[in-house]
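What follows is one structure encoded as structure tokens, with my remarks underneath.
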Amino acid sequence: MSRDIISVDDVYLNTLGTFITIVNSASPIPHSDSFFNELFESKCETKPATFISQLAYYGEIAVGCVKAKLITDKISKTELPGVHIETLDVLKAYRGKGVGSKLLEYVENRCKQYHQSELYTYVPSNNEGAVEWYLKHGFKLNNDRVQGYYEETAESLDAYLLMKRL
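Residue numbers for the sequence shown follow the working numbering, beginning at 1 and rising by one.
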């Protein structure tokens, strides 16, 4: 029996730098240090946030990553109950090889473990490739365009909400 060329593993403190490098290389959206550090800071709090994070490997090379957050109550108009995929990134040279699908499959399995049936993400309105990818993977495009969702980028301020019921 052969081993799958694509594998996923937890993000550890000593692999956080790799995670950050992949996100900064593959994502058009800039992220603050706190976006990454909260993966580990939350474990020290009395009521920690639940994050789902993984690095994806193609062979032995880290080529993709995902960070999602379990949200139990509606926090705001953009933070809905369910699991919010905050970032899912694959290095350009490894796209189309099943890396993103493997990461999404992992998140979906964790959703089931947390008894969550709603999975959602926001995608910049000018990122047609990402919108198509999520639609191909069973997400539905919410009719509303979220104005000003990405305030920290000059590229596209607006986002589409994509949702998947598991």
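Idealized CB from N, CA, C, for every residue including glycine.
Cβ shell of residue i (< 6 Å), same chain only, five flanking positions each side left out
{"i": "LYS97", "result": "none"}
{"i": "ILE52", "result": "ALA68, VAL107 and ARG110"}
{"i": "THR50", "result": "LEU70"}
Spatial distance of residue i from residue j (CA atoms)
{"i": "GLY148", "j": "ARG3", "result": "44 Å"}
{"i": "THR46", "j": "ASP33", "result": "At THR46, the pLDDT of 49 sits below 50, so the modelled position is not reliable and the matter cannot be decided from this model."}
{"i": "TYR58", "j": "VAL99", "result": "8 Å"}
{"i": "THR18", "j": "LYS140", "result": "31 Å"}
{"i": "LEU80", "j": "ASP73", "result": "7 Å"}
{"i": "ILE131", "j": "ARG95", "result": "The sequence given here places Val at residue 131; Ile does not occur at that position. Rounded to the nearest angstrom, the two C-alpha atoms are 14 Å apart."}
{"i": "LEU162", "j": "TRP133", "result": "11 Å"}
{"i": "SER101", "j": "ASP10", "result": "17 Å"}
{"i": "LEU157", "j": "TYR114", "result": "32 Å"}
Residue j beta carbon less than 8 Å from that of residue i
{"i": "PHE40", "j": "LEU13", "result": "yes"}
{"i": "VAL66", "j": "LEU91", "result": "no"}
{"i": "VAL8", "j": "LEU103", "result": "yes"}
{"i": "ALA178", "j": "ILE20", "result": "Residue 178 is absent from the model: the chain starts at 1 and stops at 166."}
{"i": "ASN127", "j": "PRO28", "result": "yes"}
{"i": "VAL83", "j": "GLN116", "result": "yes"}
{"i": "LYS164", "j": "GLY129", "result": "no"}
{"i": "LEU16", "j": "PHE36", "result": "yes"}
Neighbourhood of residue i by C-beta, 8 Å cutoff - its chain only, sequence neighbours within 5 removed
{"i": "ALA159", "result": "TYR122, VAL123, PRO124, SER125, ARG145, VAL146, TYR149 and TYR150"}
{"i": "GLU60", "result": "none"}
Sequence-distant residues of the same chain with beta carbon closer than 7 Å to residue i, five excluded per side
{"i": "LYS112", "result": "LEU166"}
{"i": "SER25", "result": "LEU91"}
{"i": "GLU86", "result": "LYS67, ALA68 and LYS69"}
{"i": "GLY64", "result": "ILE22, ALA56, ASP89, VAL90, LEU91, TYR94, VAL99, GLY100 and LEU103"}
Exposure of residue i, with buried meaning 16 or more beta-carbon neighbours within 10 Å
{"i": "ILE5", "result": "exposed"}
{"i": "LEU135", "result": "exposed"}
{"i": "GLU105", "result": "exposed"}
{"i": "ALA93", "result": "exposed"}
>> Extract the residue ranges of the alpha helix (DSSP H) inside the stretch 61-146, only unbroken runs of 4 or more that lie entirely within it.
In response: Segments of the alpha helix (DSSP H) lying fully in the stretch 61-146: 99-113 and 128-136.
> Enumerated in chain order, which unbroken segments of the beta strand (DSSP E) with a length of 3 residues or greater are wholly contained in the stretch 11-61?
Replying inline: 50-58
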